[in-house]
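Visitor:
Numbering (the numbering used here), first residue to last: 658 to 962.
1. Would you mind working out which of 892, 762 and 904 sits nearest residue 968, comparing C-alpha positions?
2. Excluding the 5 residues preceding and the 5 following residue 892 in the sequence, name in chain order all residues of the same chain whose CB lies nearer than 6 Å to its CB.
3. To the nearest angstrom, report how far apart residue 884 and residue 849 are at their CA atoms.
4. Based on the DSSP secondary-structure assignment, which residues constitute the bridge partners of residue 792?
5. Determine, using beta carbons only, whether residue 852 and residue 836 come nearer to each other than 9 Å.
6. Does DSSP put residue 929 in a helix, in a strand, or in coil?
7. Cα separation between residue 772 and residue 882?
8. So what's residue 742 in DSSP terms, helix, strand or just coil?
9. Checking 9 Å against the spacing of the C-beta atoms, do residue 879 and residue 871 come in under that value?
10. Given this structure, state the Cα-to-Cα distance separating residue 744 from residue 789, to the nearest angstrom.
11. Quick one: what's got a C-beta closer than 6 Å to residue 760's C-beta in the same chain, skipping five residues either side?
12. Could you give the distance in angstroms between the alpha-carbon of residue 927 and the alpha-carbon of residue 897?
13. What three-state label does DSSP hand residue 800 in the structure shown?
14. Exposed or buried, residue 737, counting other C-beta atoms within 10 Å across all chains shown (16 or more means buried)?
15. Please report the residue range of the beta strand (DSSP E) in which residue 737 lies.
16. By the three-class DSSP mapping on this structure, what secondary structure does residue 749 have?
17. What span of residues does the beta strand (DSSP E) with residue 840 cover, start to end?
18. Looking at residue 805 and residue 793, is the spacing between their C-beta atoms short of 9 Å?
19. Check residue 689 in the structure and name its three-state DSSP category.
20. What residue range does the beta strand (DSSP E) around residue 899 cover?
21. Compare the Cα-Cα distances from residue 900 to each of 912, 914, 887 and 766 and report the closest residue.
22. Beta carbon of residue 819, beta carbon of residue 843: below 9 Å?
23. Let me know the secondary structure DSSP gives residue 893 once reduced to three states.
24. Per DSSP, which residues does residue 937 bridge with? Please list them.
25. In angstroms with no decimal places, state the Cα-to-Cα distance between residue 919 and residue 954.
26. Please determine, among 840, 895 and 914, the residue with the shortest C-alpha to C-alpha distance to residue 929.
27. Out of 828, 787 and 876, state which residue places its alpha-carbon closest to the alpha-carbon of residue 847.
28. Going by DSSP in three states, residue 965 sits in which element: helix, strand or coil?
29. Taking its Cβ as the centre, do 16 or more other Cβ atoms sit within 10 Å of residue 938, making it buried, or is it exposed?
30. Taking all protein chains shown into account, do 16 or more other C-beta atoms lie within 10 angstroms of the C-beta of residue 834, making it buried, or fewer, making it exposed?
31. So what's residue 857 in DSSP terms, helix, strand or just coil?
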């Protein structure tokens with residue numbers, strides 16, 4: 658249901674990482690033995706970093722840049738239909754959203770499953786004003802009351818940011834989807850995630866819950882994150898409620914000793930976030946007193962409005 662959001666998530670997350678003020682590394686406190694961990698921390702930079710991650714990650718639940726590109730916001734996938742019928746519906750949606758000759762679609766039907774290969778040329782295709790190249794293999798499997806759609810990205814480039822890996826969606830009722838992201842690599846960062854997405858009763862929004870991790874080559878400690886009842890209306894710039902938390906560990910020199918510091922950054926979305934892009938970010942360093950800052954999420958496209 659949500660391939661277009663994964664494309665946008667990667668583009669935003671990659672751009673966000675490029676703009677990150679390198680706040681992931683705490684400064685060396687030097688030789689002063691009375692220095693504390695808190696004194697080495699730039700809480701403003703930490704808050705900005707959390708907002709960058711939140712802004713990028715929650716692009717999965719909106720559709721500004723590639724709205725309805727591959728699969729509609731309202732359920733295209735129907736667990737009561739066969740794999741072939743669901744694959745045909747996805748193919749029809751892709752064809753409706755892109756040029757007739759770009760990308761190239763290859764559809765293969767088999768017993769209880771179907772495979773759709775979407776190939777973009779090296780020069781790229783415009784998918785709702787976003788340039789995409791590379792390949793996506795979509796496998797649809799249907800069993801009694803269950804449909805599963807697996808997206809395999811191969812050298813898929815979204816606005817110049819390359820994506821490799823697998824995203825899997827499954828549903829038994831067409832309104833609650835389980836999502837599994839396995840070794841999804843974007844610009845050197847590897848993402849893993851498991852969670853659920855539940856459509857609103859009026860099909861105008863979605864609520865996300867889940868957890869995952871991200872890391873890049875050379876990281877001693879991965880960053881872990883959780884998503885708790887984050888709600889977003891389709892077409893809105895940002896979520897309107899819920900919390901995202903990121904936890905990271907770093908080996909820091911404080912005075913004459915090295916300690917492992919745990920940092921938790923909690924991002925709270927509220928009713929004002931979709932219109933002004935602001936969130937409250939609470940940063941806690943290794944059990945110290947929490948510090949809360951109001952931060953603006955990264956801009957993208959026409960957002961914030």
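Positions of the beta carbon are idealized from the N, C-alpha and C atoms, including for glycine.
Guide: The structure says:
1. With the chain running from 658 to 962 in the structure shown, residue 968 is simply not present.
2. none
3. 13 Å
4. 776 and 811
5. yes
6. When DSSP states are grouped into helix, strand and coil, residue 929 belongs to the coil group.
7. Distance between the alpha carbons of residue 772 and residue 882: 32 Å.
8. helix
9. yes
10. 21 Å
11. 775, 776, 777 and 782
12. 5 Å
13. strand
14. exposed
15. Segment: none, residue 737 is in no beta strand (DSSP E) and carries neither H nor E.
16. helix
17. 833-843
18. no
19. Because the pLDDT at residue 689 is just 42, under 50, the model does not fix this residue reliably, and the value given afterwards should be weighed accordingly. Correct three-state label for residue 689: coil.
20. Where residue 899 is concerned, the enclosing beta strand (DSSP E) starts and stops at 898-911.
21. 887
22. Contact: yes.
23. coil
24. 925 and 951
25. 23 Å
26. 895
27. Looking at the Cα atoms, 876 is the closest of the given residues.
28. As shown, the chain starts at 658 and ends at 962. That puts residue 965 outside it, with no answer to give.
29. Per the 10 Å Cβ criterion, buried.
30. buried
31. Look at residue 857 here: in three-state DSSP terms it is coil, with no helix or strand label.
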